[in-house]
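Residue numbers (our numbering): 297 to 735.
And the structure:
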């Protein structure tokens, strides 16, 4: 069966053939044209199953249905030693569409940004059959000339390599990845995780650019006392009941933002004193979980929250009706700006009551927006985002002497580099250590 998806770049058609899913772009066409194409794809698949049609040798099934069962001859023959002639734009569209359900939305968004920069260098209609090491080096040199971090440039090229290898299996390209011998600029190690006081002292010295200051704040972690004060501020400033418990959960479990959004009420085992976090990043191609013990503080916060929880299976969610919300207010049709009527009767004329929105998990945008709003005014506005709470959780555990194996398991760390970033001591502990050795 064929189905349709609509995105900013247009329509996409998906279908199953021999238990595998395929996707191809239709482009910015009218809905009627997209539906007609999907119907014809279903007809071709039916004829294939009935044995009344046969895909010619060496023809990709996507090309077969895309061209209504009669692909051009130049696309049906691939002689030995030649590469298939898909374009970079086609690879981008098919790769992103096919992996939509397999990766985090943020991961696919980043992959799309990487493709955007690659296409700026090579062009949307660049034929993959001509991709050479010199083309990749050209992209590296162009991005490096714009002071883009070598780490970012390397991620862009590695992303294309992953798409290339997928495209070869999907029949879009032939041949090995031509990226051996590429030269990148020297990478710079990220700043170590630091306390607010350490960061402020560096900024006070002067001479730092805005991006350098922002990078320092990205390395922020909170001490135990600071975290307690931070959570008190959140409780007082939060505009919605879910904000405080969700931020407390992040601070006391080290959960990623995406894991918070996926969390369900059933994932919290009060009797066992643990929470189960639903992962997507730790094992490629698999949905995994890890378990983190609940602090007594978090047990109390979650108990209070669940007593007023609006319903549904998700641990953190909006109420069905939220005042002044574009999606969840009790009425809709209000106007602002110059077109807004001046009298009350005129203003109410276009307003109508709406049905209560379904209880649903929070979106990434909602979580990020309300985090920033809660901290916008006051001393805690320097906390850069949800991930700073993950840094703080790991740092506090390490400073308290928690076994590193436990910290790794709670955080879901897989690499030595990840582990070592949190194997630091608080400044006061460092001072105590050096004084014990040298006075």
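Ideal Cβ placement from N, Cα and C applies to all residues, glycine included.
Pick from the options that is closest to residue i, judged by C-alpha positions
i, options, result
"residue 494", "484, 519 and 482", "519"
"residue 416", "404, 395, 452 and 397", "452"
"residue 668", "543, 441, 593 and 500", "543"
"residue 469", "387, 555 and 565", "387"
"residue 673", "534, 349, 565 and 594", "534"
"residue 605", "657, 472, 401 and 441", "657"
"residue 404", "577, 702 and 689", "577"
"residue 709", "687, 696, 729 and 728", "687"
"residue 555", "683, 337 and 355", "683"
"residue 338", "355, 298 and 310", "298"
"residue 315", "352, 559, 345 and 705", "345"
"residue 361", "310, 698, 327 and 410", "310"
"residue 560", "506, 627 and 610", "610"
"residue 487", "507, 472 and 471", "507"
Beta-carbon proximity check, residue i vs residue j, cutoff 8 Å
i, j, result
"residue 357", "residue 308", "no"
"residue 537", "residue 482", "no"
"residue 312", "residue 331", "no"
"residue 399", "residue 414", "no"
"residue 335", "residue 660", "no"
"residue 455", "residue 500", "no"
"residue 613", "residue 655", "yes"
"residue 566", "residue 595", "yes"
"residue 663", "residue 552", "no"
"residue 421", "residue 385", "yes"
"residue 511", "residue 492", "no"
"residue 695", "residue 489", "no"
"residue 707", "residue 550", "yes"
Secondary structure of residue i, DSSP reduced to three states
i, result
"residue 472", "coil"
"residue 636", "coil"
"residue 514", "helix"
"residue 306", "strand"
"residue 784", "In the structure displayed, the chain extends from 297 to 735; residue 784 sits before or after that span and is not available."
"residue 547", "helix"
"residue 610", "strand"
"residue 377", "Residue confidence is low: residue 377 scores 42 on pLDDT, short of 50, so the model does not pin down where it sits. Its coordinate-derived value is still stated next. Here residue 377 sits in coil by DSSP."
"residue 679", "coil"
"residue 320", "strand"
"residue 402", "helix"
"residue 541", "helix"
"residue 582", "coil"
"residue 298", "strand"
"residue 485", "coil"
"residue 672", "coil"
"residue 371", "Any reading at residue 371 is ruled out, since the residue's pLDDT is 42, under 50, leaving its predicted position unreliable."
"residue 446", "helix"
"residue 591", "coil"
"residue 648", "strand"
"residue 423", "strand"
"residue 573", "strand"
"residue 456", "helix"
"residue 366", "coil"
"residue 558", "helix"
"residue 432", "helix"
"residue 392", "helix"
"residue 342", "helix"
"residue 240", "This structure cannot settle anything about residue 240, because the visible part of the chain is limited to 297 through 735."
"residue 600", "helix"
Same chain, Cβ closer than 6 Å to residue i, five either side skipped, listed in chain order
i, result
"residue 302", "none"
"residue 685", "546 and 547"
"residue 393", "308 and 319"
"residue 615", "606"
"residue 440", "481"
"residue 321", "308 and 389"
"residue 601", "541"
Cβ neighbours of residue i in the same chain (closer than 8 Å, five flanking residues each side left out)
i, result
"residue 526", "518, 547, 676 and 679"
"residue 433", "478 and 479"
"residue 463", "382, 387, 390, 391, 424 and 469"
"residue 593", "544 and 548"
Residues near residue i in its chain [Cβ-Cβ closer than 7 Å; skip 5 each side]
i, result
"residue 539", "530, 666 and 670"
"residue 325", "306 and 307"
"residue 427", "474"
"residue 349", "340, 343 and 365"
"residue 630", "647"
"residue 372", "For residue 372, the pLDDT reaches just 38, beneath the cut-off of 50, and the residue's location in the model is therefore unreliable, leaving the point undetermined."
"residue 367", "355, 359 and 360"
"residue 514", "680"
"residue 697", "none"
Any chain D beta carbon closer than 8 Å to residue i
i, result
"residue 610", "As a matter of chain content, chain D is missing from the structure shown, which is built from one protein chain."
Would you call the region 632-648 and the region 502-520 in contact, with 3 or more CB pairs under 8 Å?
-> Of all C-beta pairs linking the region 632-648 to the region 502-520, fewer than three are shorter than 8 Å, placing the two stretches out of contact.
Can you find at least 3 beta carbon pairs, one from the region 474-489 and one from the region 650-663, that sit closer than 8 Å?
-> Taking a contact to require three or more Cβ pairs closer than 8 Å, the region 474-489 and the region 650-663 do not qualify as touching.
Would you be able to state if there are at least three C-beta pairs under 8 Å between the region 556-571 and the region 588-598?
-> In the pairwise beta carbon analysis, the region 588-598 is classified as touching the region 556-571: at least three pairs are separated by under 8 Å.
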